[in-house]
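Below you'll find the structure, written out as structure tokens, and then a few comments.
Protein chains: 2
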Amino acid sequence: MDLVKLFKPKSMAVVGISKKNPLSPGRIVLLKNEFEMNVKVYGIYPTAGEIEGIQLYERLDKLPEMPDLLVIAVGPDDTLGYIQDCADLGIPASVVIGGGFAEIGGKGIKRQQELEKIAFENDLAVLGPNCLGVYAPPIVDTIFLPTERITRPPRGSVALISQSGGVLVDQFFVKFNERNIGVSTAVSIGNRAVVDESMLLKYFSTVDKETSNIAFYLEGFKEGKAREFLQLAKESEDTVIVFFGGKTREGKVATQSHTASLAGNYRIIYAALRQHYIIQPHSERELLTSLKVYDILSKRRNPFGDNVVTYGDVTIVSVSGGHAVLASDMLKTYGLNAIRFTRQEKKDLKERMNPVAREIASFNNPIDLTGSVLDTDIENIIRYLSDIERIECIILLLLPYPPNISFQIGRRIANIVSSKNKPVVCFVPYVPKYSLIIESLELANIPVFHSIKETVQAVSALKHRTRITNIKQGNIHWE
Amino acid sequence: MDLVKLFKPKSMAVVGISKKNPLSPGRIVLLKNEFEMNVKVYGIYPTAGEIEGIQLYERLDKLPEMPDLLVIAVGPDDTLGYIQDCADLGIPASVVIGGGFAEIGGKGIKRQQELEKIAFENDLAVLGPNCLGVYAPPIVDTIFLPTERITRPPRGSVALISQSGGVLVDQFFVKFNERNIGVSTAVSIGNRAVVDESMLLKYFSTVDKETSNIAFYLEGFKEGKAREFLQLAKESEDTVIVFFGGKTREGKVATQSHTASLAGNYRIIYAALRQHYIIQPHSERELLTSLKVYDILSKRRNPFGDNVVTYGDVTIVSVSGGHAVLASDMLKTYGLNAIRFTRQEKKDLKERMNPVAREIASFNNPIDLTGSVLDTDIENIIRYLSDIERIECIILLLLPYPPNISFQIGRRIANIVSSKNKPVVCFVPYVPKYSLIIESLELANIPVFHSIKETVQAVSALKHRTRITNIKQGNIHWE
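So the sequences go chain by chain: D and G.
Number 533 marks the last residue of the first sequence (this note's numbering); no jumps.
Number 533 marks the last residue of the second sequence (this note's numbering); no jumps.
Here it is as structure tokens:
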């Protein structure tokens, strides 16, 4: 089954366009691909004509060429006719937006079985039904919500696969954009009658070169496909992350009424995923934090192969004592350890500070540089710590409020980190006026977070990912 | 001890001004109060003269009037001299910014004892040492960080007291501003040699009328004062919230080096606080979520006296199935229950929807209205649910992406909520283009959150607060 045609079509057609209703899903998809994306677009309308200057064709067989992809935005019974047309005319990929299939039970289940039969017999890559489809920039976007209403994430290394379209465009797109996490392709799989999570895992692991992190929001595995998914994940060189919805009894009631899927016993699933080196965040925030750090590190050569943060031995550097306390409180929960400095190291650290701050700063771990800090103090301390081999990662809590911290501080830190190659994860408050500092750091692939918890979580995610690479390479074993 | 002079001074003087260094703390405090705040400001400088047009005086006894408040931004030994001056000249309140006291141990402890002696013998309200002091809009601001570098929160009902200045201006100010949580007065207590958390709790509970929620960030109680604090909290009609830093061994190492305070055994403290009806958030996010909902509700008459959300019986209304699943998953963790609808109620709900959405919507609890929803559907459903007595709160997950949802939706919901008086807590994605919807809701005192978890947490916080009121009134007992 050729998923390339689904995600990188040269041409597409849309059926289910309304001439009267400018907000009909088919019409929105037609226009957004014609005006915003990089694919040749054809519209199908029984009496032909045109919409916004786009010529329409009466039927699929009247098109000047057979498209790679058909977007089907019609009722469920008509949908089956179009799937048959794809088989007859040789259209290899399609997206079925409409519902009325397995999710409604009864006759819907039968319809979905018919759809599956045609698709599998003719090797058609059908996505859906009951889905938003594909967002594969810069080529194609079948999300029938007006682009100006939603938020598109930046481009990057993460393939996103979601069983809920709403979660995809809201929880993922909005929060990826806030956190500057990059997406290669986003897929709403809906009822996943044909194209399912295992096929997508295989495609993004082996075919798609832009992707190096694959994230799933699932409410359960497709029946009979869990084992295949687990095996594919174990073999993948990409990061595989699964976040489950519907883990509780209350959540299950909700999933049954919405995607006709059933979450299994979550404890059993959890153990199985862990054995197959699939990362399972405990919360949506942990998911986002992990993806952010993996996406940024994907920009580096050999990002997880250097044993960078294998044991979680860290040091905290702060300009606020309270922040240092809050971060220290979280270390253990996230499997991290504060290294202890020797007497000599404490002396060395103190000597590297300006005479005023030196007297009030504290050189335990956490290090509190205090509000009397200068740019050069931060530089000197980070440079010194970068050379201490037993520190695997520096957690820098950088509040730019003290008056002597300049707007160059981000670039200054970036220069040291780039030359020393010691992992540094930063906290900088999310205040637009400090964007210059944040951008300086992120341009050098230093991940910046805007809460202390996310900063600590990120280091933990880094440790977890490095350990998986090490385990797969036979260097260490699961504890 | 008169704290009114500390927070609402008519006049203030500043000592420790540098003519050479525009970034010296004393000079920043002098200028920001002269140019930005509503207090008469005097500067003290040994050779008098002027700075930025502000006349300076040689000594305190040369001032044309004795000020209510003295801000002391000099070294520790000179500080003691100025505290003696306050006693001799009758300056009732002061803020000691500088360090070099108990937090450094040794001679610092002795200095602090001297300071305490003068203050208590002369009934001086001394704040600090080693603190940022007071932000009491619109009157006075002793925070020595340039205003343009920090973020000021909006004005409102929350008094904030923090043992860490960094946590106050960053974790609180920045995040209060993001969430539109209002502050009455903010206090950085530093070493709390004289003015401590108990005095502040008493002042904000009984004297200050603007405050109805009192939030503390502490790393431990002042020695020998825990019992007094607990008793005051129990008697207070305001909401009392305490968030502790330094709960873990790692965190304790950090607190010792920064505020010379020691967190006790957290489990014992936790139980004691609970018995005295002090709210203890588990995370910074839960703290913020709670304060947001309490601050908004403080704008209503009798906000916690109506038994509004006593048992946590809720219903979830969503336009995205996945969001409904995620919210449902969290209910139990937060002590909330999804009520069950009767067959008749489900029928009634279905009838209130447009014919297209009605067929694909789901009317269990959670209710999934789907992306085919119209404004009028949301109105009809909320109006109907508002009349079901056993629903204590409606959790509305409002994604404005479906093309038929208009910009009036916030106002439309606000009108219903204002007339029906059923608590509604909303999720709306944090996207600037939807500010109009968010503001419509918040103008009607409907709390809006930007993550599903915070939305559910907020309802839980509401339940917790209502139960405390009920318990204090003898209506129910702690389970």
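We put the beta carbon where it would ideally sit given N, CA and C, even for glycine.
Original post:
Looking at the C-beta of T369 of chain G, does it have a partner C-beta in chain D at a distance below 8 Å?
Top reply: Within the second sequence, numbered from 1, the residue matching residue 369 of chain G stands at position 315. It does not: the Cβ of T369 of chain G has no partner Cβ on chain D nearer than 8 Å.
Subject >> Closest by C-alpha distance to P200 of chain G, when choosing among G:P208, G:G210 and G:Y189 >> reply: Locating residue 200 of chain G in the second sequence gives position 146, where the first residue counts as 1. P200 of chain G has its Cα closest to that of G:Y189, out of G:P208, G:G210 and G:Y189.
Original post:
Would you call the segment 391-401 of chain D and the segment 359-376 of chain D touching, i.e. three or more CB-CB distances under 8 Å?
Top reply: yes
**OP:** Identify every run of the alpha helix (DSSP H) within the segment 317-397 of chain G, keeping only runs that are complete inside it and at least 4 residues long; order them along the chain.
**Re:** 320-329, 338-351 and 375-385
**OP:** Tell me whether G103 of chain G sits in a helix, a strand or coil according to DSSP, three-state version.
**Re:** Numbered from 1 along the second sequence, position 49 holds the residue referred to as residue 103 of chain G. G103 of chain G: strand per DSSP, three-state reduction.
Subject >> Strand pairing of I459 of chain D, partner residues [DSSP] >> reply: Indexing the first sequence from 1 puts residue 459 of chain D at position 405. In DSSP, I459 of chain D forms no bridge with anything.
**OP:** Could you name the residues that DSSP lists as bridge partners for T239 of chain G?
**Re:** The count along the second sequence starts at 1 and reaches residue 239 of chain G at position 185. Paired residues: G:A213.
Subject >> Sub-8 Å separation of T501 of chain G and V479 of chain G beta-carbons >> reply: Walking along the second sequence from the start, residue 501 of chain G turns up at place 447. Walking along the second sequence from the start, residue 479 of chain G turns up at place 425. Here the sequence assigns Pro to residue 501 of chain G, which means Thr is not the residue at that position. Yes; because the gap between Cβ atoms is below 8 Å, this pair is in contact.
Original post:
Going along chain D, which residues have a C-beta under 8 Å from H377 of chain G?
Top reply: Counting from 1 along the second sequence, the entry for residue 377 of chain G is found at position 323. What H377 of chain G touches in chain D: S218, G220, V221, D224 and Q225.
**OP:** Closer than 8 Å, Cβ to Cβ, to anything on chain G: give me those residues from the segment 445-462 of chain D, in chain order.
**Re:** L453, P454, Y455, P456, P457 and N458
Subject >> Interface partners of L199 of chain G on chain D, CB under 9 Å >> reply: Walking along the second sequence from the start, residue 199 of chain G turns up at place 145. What L199 of chain G touches in chain D: G425, Y455, P456 and P457.
Original post:
List, in order along the chain, the chain G residues whose C-beta lies closer than 8 Å to that of R165 of chain D?
Top reply: One-based indexing of the first sequence puts residue 165 of chain D at position 111. The premise fails here: R165 of chain D is roughly 14 Å from chain G at the closest Cβ pair, so nothing lies under 8 Å.
Subject >> Euclidean distance between Cα positions of G220 of chain G and H377 of chain D >> reply: On the second sequence, position 166 is the one that residue 220 of chain G refers to. On the first sequence, position 323 is the one that residue 377 of chain D refers to. Between G220 of chain G and H377 of chain D, the C-alpha separation is close to 7 Å.
Original post:
If you draw a straight line from the C-alpha of L169 of chain D to the C-alpha of P146 of chain D, how long is it?
Top reply: By one-based count along the first sequence, residue 169 of chain D stands at place 115. By one-based count along the first sequence, residue 146 of chain D stands at place 92. Those two C-alpha atoms are separated by around 14 Å.
Original post:
From what residue to what residue does the beta strand (DSSP E) around G97 of chain D run?
Top reply: Position 43 of the first sequence, counted from the first residue, corresponds to residue 97 of chain D. That run of the beta strand (DSSP E) goes K94 to I98.
Original post:
Hey, does F205 of chain D have any beta-carbon neighbour from chain G nearer than 8 Å?
Top reply: For the purposes of this step, residue 205 of chain D is taken as residue 151 along the first sequence, with counting starting at 1. As written in the sequence, residue 205 of chain D is Thr, which differs from the Phe given in the question. At least one chain G Cβ lies under 8 Å of T205 of chain D.
Original post:
Is there a Cβ from chain D that is less than 8 Å from the Cβ of A392 of chain G?
Top reply: Against the second sequence, residue 392 of chain G aligns to sequence position 338. Yes - at least one Cβ of chain D is within 8 Å of the one on A392 of chain G.
Original post:
Are the segment 401-421 of chain D and the segment 513-525 of chain D touching, with three or more C-beta to C-beta distances below 8 Å?
Top reply: no
**OP:** Could you tell me which residues DSSP pairs with M66 of chain G in its beta bridges?
**Re:** Taking the first residue of the second sequence as position 1, residue 66 of chain G is located at position 12. Paired residues: G:V95 and G:L123.
Original post:
What is the rounded straight-line gap between the Cα of V95 of chain G and the Cα of V68 of chain G?
Top reply: Numbered from 1 along the second sequence, position 41 holds the residue referred to as residue 95 of chain G. Numbered from 1 along the second sequence, position 14 holds the residue referred to as residue 68 of chain G. Going from the Cα of V95 of chain G to the Cα of V68 of chain G covers about 8 Å.
Original post:
Would G274 of chain G count as contacting chain D if we go by Cβ distances under 8 Å?
Top reply: For the purposes of this step, residue 274 of chain G is identified with residue 220 of the second sequence, where counting begins at 1. Answer no: the Cβ-Cβ gap between G274 of chain G and chain D never drops below 8 Å.
Original post:
Looking only at its own chain, which residues have a Cβ that is under 7 Å from the Cβ of Y484 of chain G, when we skip the five neighbours before and after it?
Top reply: The residue labelled residue 484 of chain G in the question sits at position 430 within the second sequence. The answer, listed in chain order, is H504.
Original post:
When you compare only the Cα positions, how much space is there between F275 of chain G and Q217 of chain G?
Top reply: Here residue 275 of chain G is taken as the residue at index 221 of the second sequence, counted from 1. Here residue 217 of chain G is taken as the residue at index 163 of the second sequence, counted from 1. Each residue's alpha carbon lies about 10 Å from the other.
**OP:** Step through the CB atoms of chain D and report whether any lies within less than 8 Å of the CB of K517 of chain G.
**Re:** Position 463 of the second sequence, counted from the first residue, corresponds to residue 517 of chain G. Judged by the 8 Å Cβ criterion, K517 of chain G is not in contact with chain D.
**OP:** Establish whether the CB of D250 of chain D and some CB of chain G are separated by less than 8 Å.
**Re:** Here residue 250 of chain D refers to the residue found at position 196 when the first sequence is read from its first residue. With 8 Å as the cut-off, D250 of chain D does not count as an interface residue toward chain G.
Subject >> Beta-carbon neighbours of T302 of chain D, restricted to chain G and to distances below 9 Å >> reply: By 1-based counting over the first sequence, the position of residue 302 of chain D is 248. Correct list: S382, D383, M384, L385, K386 and T387.
Original post:
On the three-pair Cβ rule with 8 Å, is the segment 248-259 of chain G touching the segment 177-197 of chain G?
Top reply: yes
Original post:
Which whole-angstrom value is the C-beta distance of F230 of chain D and P207 of chain D, which I expect to be below 8 Å?
Top reply: Here residue 230 of chain D corresponds to residue number 176 of the first sequence, with the count starting at 1. Here residue 207 of chain D corresponds to residue number 153 of the first sequence, with the count starting at 1. The Cβ separation is near 4 Å, so the contact holds.
Subject >> Burial state of D131 of chain G, where buried means 16 or more other Cβ atoms lie within 10 Å >> reply: Counted from its first residue, the second sequence places residue 131 of chain G at position 77. Answer is exposed; the Cβ neighbour count stays below 16.
Original post:
Quick one: is L77 of chain G near chain D, going by C-beta distance under 8 Å?
Top reply: Translated into the one-based positions of the second sequence, residue 77 of chain G becomes position 23. True, the Cβ-Cβ gap to chain D drops below 8 Å.
**OP:** Compute the Euclidean distance between the alpha carbons of V241 of chain G and R113 of chain G, then round it to the nearest angstrom.
**Re:** For the purposes of this step, residue 241 of chain G is taken as the residue at position 187 of the second sequence. For the purposes of this step, residue 113 of chain G is taken as the residue at position 59 of the second sequence. Those two C-alpha atoms are separated by around 27 Å.
Subject >> Neighbouring residues, chain G, relative to I414 of chain D (Cβ below 7 Å) >> reply: Position 360 of the first sequence, counted from the start, is the residue given in the question as residue 414 of chain D. Neighbours of I414 of chain D on chain G, chain order: G153.
**OP:** Determine the closest residue to I491 of chain D out of D:N499, D:I463, D:E277 and D:E508, with distance taken between C-alpha atoms.
**Re:** The residue given as residue 491 of chain D occupies position 437 in the first sequence. It is D:I463.
Original post:
Quick one: does P483 of chain G have its CB under 8 Å from some CB of chain D?
Top reply: Numbered from its first residue, the second sequence carries residue 483 of chain G at position 429. Closer than 8 Å to some Cβ of chain D, the Cβ of P483 of chain G qualifies, so yes.
**OP:** Work out the CA separation of P118 of chain D and I98 of chain D for me, nearest whole Å.
**Re:** Mapped onto the first sequence, residue 98 of chain D falls at position 44. Mapped onto the first sequence, residue 118 of chain D falls at position 64. Near 12 Å, if we compare the C-alpha coordinates of P118 of chain D and I98 of chain D.
Original post:
What did DSSP end up calling N267 of chain G once you bin it into helix, strand or coil?
Top reply: Looking up residue 267 of chain G in the second sequence gives position 213. Strand, per DSSP.
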